[in-house]
Amino acid sequence: MLRRLAAAALLSLAFIASALATDKPHRIAIQVDQNDPQVMNLALNNATNVIEYYRAKNEDVEIDIVTYGPGLHMLRSDTSPVQERIKRLKDYVFPGKIQFSACNNTKQGMEKAEGHAISVVPDATIVPSGVVHLMELQEQGWSYVRP
């Protein structure tokens, strides 16, 4: 009798824990560190698929695409091969669900090497360090993907 009662209590706790877990938004950080349009589009495809999957389940999801090193070209105003797609995703398709983070360390290094200021697309946020930003997101429980 006592065993049945304990088993029922454990099952109840597991059910409550799983119910509470679904209320928490899903969060994923996607790394882009290559100046490769295929990698950039794959990252955008991954983000789109994740958002559509959780939208269909009526669950919240947050996505942060973090660029650094050669991957910063994804968010550079002058070199981004996916600039229009970023704008469309951010403004029209998935407003409020996706963020684009640009590494300031990389930006400053590129500015020094090229001898002029570099601007990022208006939909990007500059973070002090892309690698540190990824690390901190993971420490906060974000999932991590590198396409």
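Mapping of the sequence shown onto our numbering: residues 38 to 184, in sequence order. Backbone N, C-alpha and C define an ideal beta-carbon position, used for all residues, glycine too.
Query: Can you tell which of 177, 72, 67 and 111 has the C-alpha that lies nearest to the C-alpha of residue 87?; Result: 67
Query: Do the stretch 78-98 and the stretch 145-156 touch if we need at least three Cβ pairs shorter than 8 Å?; Result: no
Query: Would residue 119 pass as a contact of residue 139 if the rule is Cβ separation under 8 Å?; Result: no
Query: Can you list, in chain order, the residues of its chain whose CB lies under 8 Å from that of residue 178, leaving out five sequence neighbours each side?; Result: 64
Query: Opposite residue 148 in the DSSP bridges: which residues?; Result: Paired residues: none, contrary to the question.
Query: Taking its Cβ as the centre, do 16 or more other Cβ atoms sit within 10 Å of residue 113, making it buried, or is it exposed?; Result: buried
Query: If you drop the 5 nearest sequence neighbours on each side, which residues of the same chain put their C-beta closer than 8 Å to that of residue 171?; Result: 66, 68, 103 and 181
Query: State the Cα-Cα distance for the pair residue 80 and residue 133, rounded to the nearest angstrom.; Result: 17 Å
Query: Might you give, ordered along the chain, the residues of its own chain that have their beta carbon closer than 6 Å to the beta carbon of residue 161, omitting 5 neighbours on each side?; Result: 112, 137 and 139
Query: What's the C-alpha gap between residue 61 and residue 70?; Result: 29 Å
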